[in-house]
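Note that the working numbering has the sequence shown beginning at 1206, numbered continuously upward.
C-beta: ideal position from N, C-alpha, C; glycine also.
Remember, it's a predicted structure, so these values are computed and weren't measured experimentally.
To start, the structure itself, in C-alpha cells.
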Amino acid sequence: DEAYLYRPLLEIVRVPAVGQLVEHVLKEHSSREETLEFGGQERSLRILARPMPLGEERFGVLITVRDETLIKRIESVRRDFVANASHELKTPLAAIRAYAETLQLGALDDREAAERFVGNIVTQADRINGLVQGMLQLSRVQSGSALKIESFDAREAVEPCVAAAGAMARSKGVKVQAEMPAEPMVIRSDRDGFQTIASNLLSNAVRYTEDGGTVSVLLSSEADWCVFQVQDTGVGIQEKDLERIFERFYRAEKDRSTDTGGTGLGLSIVKHLVQGLGGGVTATSEPGRGSCFEVRLPRFGS
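Printed below as a string of C-alpha cells:
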C-alpha cells in the first residue's frame, strides 16, 4: 500500500551495498555483481545490477536478485563430505600401516605382540569395510533401488533389533526398555529398511548413553501412521548440531566423537530410508540429558 515512486532507494531497500551497486552502474554504465550474506551467512543473495536505457541518454538500473542459500549449503555439504570421508578412511589406514610396519620391524618374533597387532589390523579393516558398506547402502537408498514394499508386523520386525541393542547395552551397564502394542501392528513398507532404521537409532542411543543410563523404545500407531520412537538419557546434542546430524559423516562436537566407534553414516541412512518410504524423522535433544528420535511411516504405503 506504500507509494515507492520518487523516493530515495535507501528508504526502500535499506542495504548500503545495493545503493553502492546502483551508484556504480549509473556512473560507469556497466554491469556489476555482488554476493551478499545476511543473518550471519544464513542467507546468501547474488545481486546483479545492469544499466537500463531509458531513452535520451538517460539510464536507470535493473537489479536482479538470486537466492543462492541452498546452492551454498549444498556446496558446503559436499566439501564436508569429501573432507570427512577422507578423514574417516585415513585414520584406520594409518593405523593398519603402523601395525604392519611394527610387525615388519621384528614384532613377528613376539607371538603375543604379533597376535595383538594382527587383531588390531583386522579391527581397522572391519572399520573401513563398515564405512564402504555404509556408503554403498546409502547410495542404494538414495537411488530407490533398495526398497521392497510388503506387508509385515512392525512389532515382530522391531523385536530382534531391540534384542540386539539390549545385548550391546548390557555390556555397557545401560538398560533398554520397550513398549510395544499388545496386538500385531501390520504395516505395508520395506521390512529390511524398517529394521535398518530401528537398528541404527537403537545402536546410536546405546552408544551415546553412559553406564547406568536408559534407552526407551516406543512403537505405536496414530491414525494411518506407524510411530517408532527411541529416547535415551545420554550425552545429548547441542542445538546448533541438531539440524545437521542427518548429514553423511557429520559429527557433533566433543561428546559425540569417533571414540564411540560409529561410522557417521547411520543417521543419514535413517533419514533417506524414511524419506524413501514416505515418512519423516525428527530429533530433539538437551545436552547432558539425552536425545529423542521419532520416525513416522505411513502404515499403508504403496
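Quick one: what's residue i bridged to in DSSP?
| i | result |
| --- | --- |
| residue 1488 | 1498 |
| residue 1257 | 1265 |
| residue 1240 | 1251 |
| residue 1426 | 1431 |
| residue 1419 | 1380 |
| residue 1437 | 1420 |
| residue 1271 | 1251 |
| residue 1505 | 1393 |
By the 10 Å Cβ neighbour count, where 16 or more other Cβ atoms means buried, how is residue i classified, buried or exposed?
| i | result |
| --- | --- |
| residue 1327 | exposed |
| residue 1414 | buried |
| residue 1444 | exposed |
| residue 1477 | buried |
| residue 1407 | buried |
| residue 1500 | buried |
Please report how far the alpha carbon of residue i lies from the alpha carbon of residue j, in whole angstroms.
| i | j | result |
| --- | --- | --- |
| residue 1396 | residue 1353 | 8 Å |
| residue 1462 | residue 1363 | Confidence at residue 1462 is low in this model, with a pLDDT of 46, below 50, so the placement of that residue should be treated as unreliable; the coordinate-derived value is given next. Roughly 27 Å between the two C-alpha positions. |
| residue 1253 | residue 1267 | 8 Å |
| residue 1249 | residue 1215 | 20 Å |
| residue 1333 | residue 1321 | 19 Å |
| residue 1337 | residue 1454 | 12 Å |
| residue 1340 | residue 1358 | 28 Å |
| residue 1298 | residue 1317 | 23 Å |
| residue 1244 | residue 1282 | 19 Å |
| residue 1264 | residue 1280 | 37 Å |
| residue 1211 | residue 1247 | 33 Å |
| residue 1323 | residue 1304 | 8 Å |
| residue 1460 | residue 1383 | For residue 1460, the predicted structure reports a pLDDT of 44, less than 50, and the residue's modelled location is therefore unreliable. A value from the coordinates is still provided. If I take the Cα positions, the gap works out to 26 Å. |
| residue 1240 | residue 1271 | 9 Å |
| residue 1286 | residue 1302 | 24 Å |
| residue 1355 | residue 1209 | 60 Å |
| residue 1262 | residue 1481 | 58 Å |
| residue 1238 | residue 1230 | 10 Å |
| residue 1503 | residue 1490 | 25 Å |
| residue 1398 | residue 1493 | 30 Å |
| residue 1427 | residue 1437 | 22 Å |
| residue 1485 | residue 1258 | 51 Å |
| residue 1366 | residue 1469 | 19 Å |
| residue 1227 | residue 1346 | 48 Å |
| residue 1373 | residue 1385 | 20 Å |
| residue 1331 | residue 1379 | 25 Å |
| residue 1479 | residue 1402 | 8 Å |
| residue 1314 | residue 1289 | 37 Å |
| residue 1219 | residue 1242 | 14 Å |
Ends of the alpha helix (DSSP H) at residue i?
| i | result |
| --- | --- |
| residue 1474 | 1471-1481 |
| residue 1281 | 1274-1309 |
| residue 1229 | 1221-1233 |
| residue 1216 | 1214-1217 |
| residue 1444 | 1444-1447 |
Should residue i be listed as close to the ligand GTP, given that the test is whether its C-beta is under 6 Å from any heavy atom?
| i | result |
| --- | --- |
| residue 1410 | This structure lacks the ligand GTP, and indeed carries no ligand of any kind. |
Sequence ranges, alpha helix (DSSP H) only - wholly within the region 1329-1400, length at least 4: 1359-1375
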